[in-house]
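Enquirer:
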Amino acid sequence: EVLCIHIKRFSYHLYGSKVGRQVLFKLQDLDMRPYLHSSLRDEPLATRYDLYGVVRHSGGLSGGHYVSYAKSHVTGRWFLFDDRSCQTTTPENVASQQAYVLMYVRKPDPNLRRQLSRTLLA
């Protein structure tokens, strides 16, 4: 039910360096169907995900600081967690971060539920 995506933010060569390139990521309705094996693409599978967590690293290869962003499944509001502090933030702020880890939760597919119910009742 949870999809974790790790974004490689470090380049390894003689000295190594941090990759600061902006990576665009979806906050809602990430569809993973195009990435399924071709034999599964037509199967009735729930393949859409909503973002619920982001980890961001600031600093370099030899040190730095991690903060996390999490979306409340109750209110839908985003929060920034930074050591001892917690504050609300906006979806736009979350989307603008240099994400290191993205955590998505699979969305239930109402069509899949109806189809499963019909199959079980038949």
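Going by the UniProt record's numbering, the residue at position 20 of the sequence shown is 20; the numbering climbs one at a time, nothing skipped.
Ideal placement from N, C-alpha and C gives every residue a C-beta, glycine not left out.
When the Cα of D83 is compared with those of G64, L27 and R41, which residue comes out closest?
Expert: For the residues G64, L27 and R41, the minimum Cα distance to D83 belongs to G64.
Enquirer: Between the region 33-46 and the region 74-88, do at least 3 Cβ pairs fall closer than 8 Å?
Expert: No, the region 33-46 does not touch the region 74-88.
Enquirer: Less than 7 Å separating the beta-carbons of V54 and V94?
Expert: Contact: yes.
Enquirer: Between the C-alpha atoms of S72 and F79, what's the straight-line distance to the nearest angstrom?
Expert: The alpha-carbon atoms of S72 and F79 are separated by roughly 8 Å.
Enquirer: Specify the secondary structure class of Y12 as computed by DSSP and reduced to three states.
Expert: Reduced to three states, the DSSP call for Y12 is coil.
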